[in-house]
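A short worksheet on the structure shown next.
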Amino acid sequence: MRLFDKIKKAMDAELLIPEERPSRNNGKTRLAVPCTWPGGVESVRSGHFGRCDCFTLVDIEGGNVKDVQVLPNPPHTQGECLAPVNLLRVYGANAIVVNGIGMRPLTGFREAGIEVYLGTGPSVSDVILEFLLEALTPVSAEQACGGH
3 MRLFDKIKKA MDAELLIPEE RPSRNNGKTR LAVPCTWPGG VESVRSGHFG RCDCFTLVDI
63 EGGNVKDVQV LPNPPHTQGE CLAPVNLLRV YGANAIVVNG IGMRPLTGFR EAGIEVYLGT
123 GPSVSDVILE FLLEALTPVS AEQACGGH
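Take the sequence shown: its letters are residues 3 to 150, numbered as in this note's numbering.
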(Lines of atoms letter the chains of each structure in order from A and count residues from 1; the text may use other names and numbers.)
(Lines give C-alpha, C1' and ligand atoms only; values in the text may rest on other atoms or scores of the structure.)
Protein backbone atom coordinates (compact mmCIF):
# COMPACT_ATOMS: atom_id res chain seq x y z
CA MET A 1 0.00 0.00 0.00
CA ARG A 2 1.43 3.40 -0.95
CA LEU A 3 2.04 6.11 1.67
CA PHE A 4 -0.80 8.29 0.39
CA ASP A 5 -3.23 5.35 0.61
CA LYS A 6 -2.08 4.53 4.16
CA ILE A 7 -2.55 8.11 5.30
CA LYS A 8 -5.95 8.37 3.58
CA LYS A 9 -7.05 5.11 5.24
CA ALA A 10 -5.95 6.43 8.64
CA MET A 11 -7.79 9.71 8.05
CA ASP A 12 -10.92 7.88 6.91
CA ALA A 13 -10.79 5.82 10.09
CA GLU A 14 -10.51 9.07 12.07
CA LEU A 15 -7.16 7.97 13.51
CA LEU A 16 -5.36 11.04 12.20
CA ILE A 17 -6.80 14.32 13.42
CA PRO A 18 -4.00 16.90 12.91
CA GLU A 19 -5.78 19.81 14.60
CA GLU A 20 -5.96 17.86 17.87
CA ARG A 21 -2.29 16.89 17.91
CA PRO A 22 0.50 19.05 19.32
CA SER A 23 2.81 20.37 16.64
CA ARG A 24 6.45 19.40 16.60
CA ASN A 25 9.12 21.99 15.78
CA ASN A 26 6.54 24.66 14.90
CA GLY A 27 4.82 22.16 12.65
CA LYS A 28 7.99 21.54 10.59
CA THR A 29 10.06 18.40 10.77
CA ARG A 30 12.89 17.03 8.66
CA LEU A 31 12.64 13.35 9.49
CA ALA A 32 15.55 11.02 8.71
CA VAL A 33 14.86 7.34 8.12
CA PRO A 34 17.81 4.95 7.69
CA CYS A 35 17.09 2.70 4.71
CA THR A 36 18.41 0.49 1.95
CA TRP A 37 19.51 1.76 -1.44
CA PRO A 38 18.06 3.47 -3.48
CA GLY A 39 16.13 5.18 -0.67
CA GLY A 40 12.79 6.94 -0.94
CA VAL A 41 9.43 6.31 0.69
CA GLU A 42 9.03 2.80 -0.73
CA SER A 43 12.45 1.60 0.48
CA VAL A 44 13.03 -0.99 3.16
CA ARG A 45 14.06 0.51 6.47
CA SER A 46 17.54 -0.37 7.70
CA GLY A 47 17.90 -2.00 11.09
CA HIS A 48 21.22 -0.29 11.85
CA PHE A 49 21.31 3.45 11.18
CA GLY A 50 25.12 3.71 11.25
CA ARG A 51 25.53 1.09 8.55
CA CYS A 52 22.51 1.94 6.41
CA ASP A 53 22.99 2.53 2.68
CA CYS A 54 21.31 5.92 2.83
CA PHE A 55 18.85 8.11 4.68
CA THR A 56 15.50 9.17 3.30
CA LEU A 57 14.89 12.72 4.50
CA VAL A 58 11.22 13.65 4.67
CA ASP A 59 10.09 17.23 5.13
CA ILE A 60 6.82 17.31 7.05
CA GLU A 61 4.89 20.49 7.61
CA GLY A 62 1.48 20.79 9.21
CA GLY A 63 1.02 17.01 9.09
CA ASN A 64 1.78 16.80 5.36
CA VAL A 65 4.76 15.40 3.50
CA LYS A 66 6.22 18.32 1.54
CA ASP A 67 9.46 16.90 0.12
CA VAL A 68 11.54 13.73 0.03
CA GLN A 69 15.30 13.59 -0.47
CA VAL A 70 17.79 10.70 -0.39
CA LEU A 71 21.16 11.18 1.25
CA PRO A 72 23.89 8.50 0.91
CA ASN A 73 25.45 7.43 4.19
CA PRO A 74 29.26 7.52 4.35
CA PRO A 75 30.94 4.15 5.05
CA HIS A 76 30.79 3.19 8.73
CA THR A 77 34.11 2.51 10.39
CA GLN A 78 34.71 1.33 13.95
CA GLY A 79 34.49 4.22 16.40
CA GLU A 80 32.92 6.61 13.89
CA CYS A 81 29.37 6.45 15.26
CA LEU A 82 29.05 10.22 15.13
CA ALA A 83 29.62 10.54 11.36
CA PRO A 84 25.91 9.97 10.54
CA VAL A 85 24.95 12.33 13.37
CA ASN A 86 27.07 15.12 11.89
CA LEU A 87 25.84 14.38 8.35
CA LEU A 88 22.19 14.61 9.37
CA ARG A 89 22.83 17.75 11.42
CA VAL A 90 24.41 19.43 8.38
CA TYR A 91 21.40 18.47 6.25
CA GLY A 92 18.96 19.95 8.78
CA ALA A 93 17.35 16.80 10.21
CA ASN A 94 15.60 17.42 13.51
CA ALA A 95 14.21 13.89 14.01
CA ILE A 96 15.32 10.34 13.21
CA VAL A 97 13.55 7.01 13.57
CA VAL A 98 15.78 4.08 14.51
CA ASN A 99 15.37 0.41 15.27
CA GLY A 100 18.08 0.63 17.92
CA ILE A 101 20.93 2.97 18.82
CA GLY A 102 24.04 3.05 21.00
CA MET A 103 24.52 5.57 23.80
CA ARG A 104 27.28 7.53 22.04
CA PRO A 105 25.25 8.35 18.90
CA LEU A 106 22.09 8.89 21.00
CA THR A 107 23.98 11.51 23.00
CA GLY A 108 25.35 13.00 19.76
CA PHE A 109 21.86 13.31 18.26
CA ARG A 110 20.55 14.92 21.43
CA GLU A 111 23.42 17.42 21.48
CA ALA A 112 22.72 18.22 17.81
CA GLY A 113 19.04 18.88 18.59
CA ILE A 114 17.84 15.82 16.68
CA GLU A 115 15.03 13.92 18.41
CA VAL A 116 15.51 10.13 18.29
CA TYR A 117 12.41 7.94 18.00
CA LEU A 118 12.03 4.18 18.17
CA GLY A 119 10.03 2.79 15.27
CA THR A 120 9.02 -0.64 14.07
CA GLY A 121 7.69 -0.17 10.54
CA PRO A 122 9.45 -2.29 7.89
CA SER A 123 9.43 0.41 5.19
CA VAL A 124 10.14 4.12 5.09
CA SER A 125 6.48 4.79 4.28
CA ASP A 126 5.40 2.81 7.36
CA VAL A 127 7.75 4.87 9.52
CA ILE A 128 6.40 8.12 8.06
CA LEU A 129 2.87 7.01 8.83
CA GLU A 130 3.85 6.06 12.39
CA PHE A 131 5.40 9.51 12.80
CA LEU A 132 2.33 11.29 11.41
CA LEU A 133 0.07 9.27 13.70
CA GLU A 134 2.41 10.10 16.62
CA ALA A 135 2.76 6.39 17.30
CA LEU A 136 6.52 6.68 17.95
CA THR A 137 8.18 7.13 21.30
CA PRO A 138 11.43 8.98 21.96
CA VAL A 139 14.37 6.69 22.76
CA SER A 140 15.45 6.85 26.40
CA ALA A 141 18.98 6.31 27.65
CA GLU A 142 17.82 3.00 29.16
CA GLN A 143 16.87 1.77 25.67
CA ALA A 144 20.30 2.43 24.17
CA CYS A 145 22.12 -0.63 22.85
CA GLY A 146 25.49 -1.71 24.18
CA GLY A 147 28.55 -2.73 22.19
CA HIS A 148 28.28 -0.25 19.31
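The beta-carbon is built from N, C-alpha and C at its ideal position, and this holds for glycine as well. Treat the numbers as computed from the prediction; the structure is a model and nothing was measured.
- In the three-state scheme derived from DSSP, where H, G and I count as helix and E and B as strand, residue 97 is classed as strand.
- Each residue's CA atom was taken as its position, placing residue 44 and residue 30 some 22 Å apart.
- Per DSSP, residue 57 is one residue of the beta strand (DSSP E) stretching across 56 to 63.
- Cβ contact annotation for residue 91 (same chain, cutoff 7 Å, sequence separation greater than five): 114 and 116, in chain order.
- DSSP places residue 32 in the uninterrupted beta strand (DSSP E) bounded by 30 to 37.
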